[in-house]
Every structure is written in structure tokens, then in C-alpha cells.
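In our numbering, the protein residues as written are 218 to 398.
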């Protein structure tokens with residue numbers, strides 16, 4: 218099984234597909250516990266120092282690992298075959314880790330999302346799953362190229378077959394499982 222994720226701040230759309238690109242499961246999951254701000258770098262509760270932001274990010278990482286990890290474990294238990302890979306939106310490989318750097322442009326605009334993706338990758342690797350990154354702007358076109366004449370059926374068919382919800386996030390997450398690994 219392959220799992221594709223279209224993440225947002227604090228939550229994600231998750232699609233599990235088999236080797237024939239059939240959707241086996243789709244769901245919305247929380248990525249962080251409710252006691253934490255969903256945007257730890259842009260934490261808005263009076264946090265202003267680098268040390269305070271670093272502490273908020275460290276606490277968020279622990280919560281993301283626990284919350285997203287539990288949701289992914291629940292998903293994996295419900296699938297008919299073992300999970301082989303997790304597909305995430307890419308982030309720059311040279312993304313800085315120093316709080317004082319990621320709080321400045323151009324890094325700060327993507328810092329919160331990168332925290333989620335990095336932790337999701339760590340969660341997957343801890344479970345022995347391969348991790349693949351995708352470009353959200355190009356992944357549907359790339360999947361269509363791989364699928365050829367089956368593209369519409371694979372990417373849009375689940376909406377008719379499974380019913381709502383089936384939107385862009387679902388298609389992107391499914392497309393990611395087609396083009397990755």
C-alpha cells in the first residue's frame with residue numbers, strides 16, 4: 218500500500234492506494250494535538266523570542282509525531298496489505314533548522330509546513346516505510362503521464378465510485394502515490 222498526504226496546518230487529507238492505483242482508504246486526519254498552535258513558527262500567543270519559538274516548535278514536533286503517528290497507525294491497521302511508502306509534498310533539502318533563520322524571509326513563509334513534513338517523514342521512516350516527495354503543482358500532470366489513457370479513471374473515478382468528499386487534495390494525494398517510488 219502507498220499513502221499520499223496533502224497536508225495543511227494541523228490536518229491533512231490522506232489517501233491509501235494499492236499497486237493498481239485503486240483507492241483503498243481516504244480520510245482526514247489531525248496532525249497535531251489540540252493543545253498546540255497549528256503554526257508553531259508563527260505562534261500567535263505572545264511568543265516573540267527565538268527561544269520561545271524554538272520551545273513551541275520542539276513541543277509541536279512531539280505532538281505531531283504522536284498525533285499523526287497514531288492516525289497513520291490506525292490507517293495502516295485498517296488496510297488489507299502493509300504500507301510500503303508515504304508520499305509528502307517536497308521541501309527544500311537545504312531548509313535551515315536554526316530558529317533565527319527560519320523566522321526570516323524567504324524561509325518563514327514555509328517553515329510551519331516544513332516542520333510537519335519533516336516529522337511525517339520521520340514517523341514513516343520509523344515504521345520502515347519509504348518516503349517520497351512530490352511537487353504539488355506538477356504531480357497530477359506527472360501521474361497523468363504515467364497513467365496514460367487511465368488517468369481520468371484513476372484520478373477522478375474515486376469521486377464517483379466512493380462519493381464525496383473527493384476533491385483536489387484527494388487527487389493530489391492519490392497522484393503522489395502514482396509518481397513516487
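The beta carbon of each residue, even a glycine, is placed where N, CA and C say it ideally should be.
Expected contact under 8 Å - CB spacing of residue i and residue j to nearest Å
{"i": "residue 337", "j": "residue 222", "result": "7 Å"}
{"i": "residue 249", "j": "residue 255", "result": "6 Å"}
{"i": "residue 397", "j": "residue 304", "result": "5 Å"}
{"i": "residue 394", "j": "residue 234", "result": "5 Å"}
{"i": "residue 392", "j": "residue 356", "result": "5 Å"}
{"i": "residue 332", "j": "residue 278", "result": "7 Å"}
{"i": "residue 316", "j": "residue 271", "result": "5 Å"}
Residues that residue i bridges to, as DSSP identifies them
{"i": "residue 225", "result": "228"}
{"i": "residue 247", "result": "228"}
{"i": "residue 234", "result": "219 and 240"}
Cβ pair residue i, residue j closer than 9 Å
{"i": "residue 290", "j": "residue 344", "result": "yes"}
{"i": "residue 320", "j": "residue 267", "result": "yes"}
{"i": "residue 325", "j": "residue 258", "result": "yes"}
{"i": "residue 242", "j": "residue 295", "result": "yes"}
{"i": "residue 351", "j": "residue 342", "result": "no"}
Cut-off 8 Å between Cβ atoms - residues of its own chain near residue i, not counting five sequence neighbours on either side
{"i": "residue 301", "result": "218, 219, 346, 347 and 398"}
Proximal residues to residue i (C-beta, below 6 Å), its chain only, five neighbours per side dropped
{"i": "residue 376", "result": "383"}
{"i": "residue 238", "result": "371 and 395"}
Own chain partners of residue i with C-beta closer than 7 Å, once the 5 adjacent residues on each side are dropped
{"i": "residue 390", "result": "221, 222, 223, 230, 231 and 232"}
Which runs of the beta strand (DSSP E) at least 3 residues long sit entirely within the region 324 to 359? Give them in chain order.
347 to 351
List, from N- to C-terminal side, the beta strand (DSSP E) runs of 3 residues or more that fit wholly inside the region 268 to 324. 302 to 306
Alpha helix (DSSP H) segments (min. 4 residues) lying fully within the region 361 to 386 | 368 to 379
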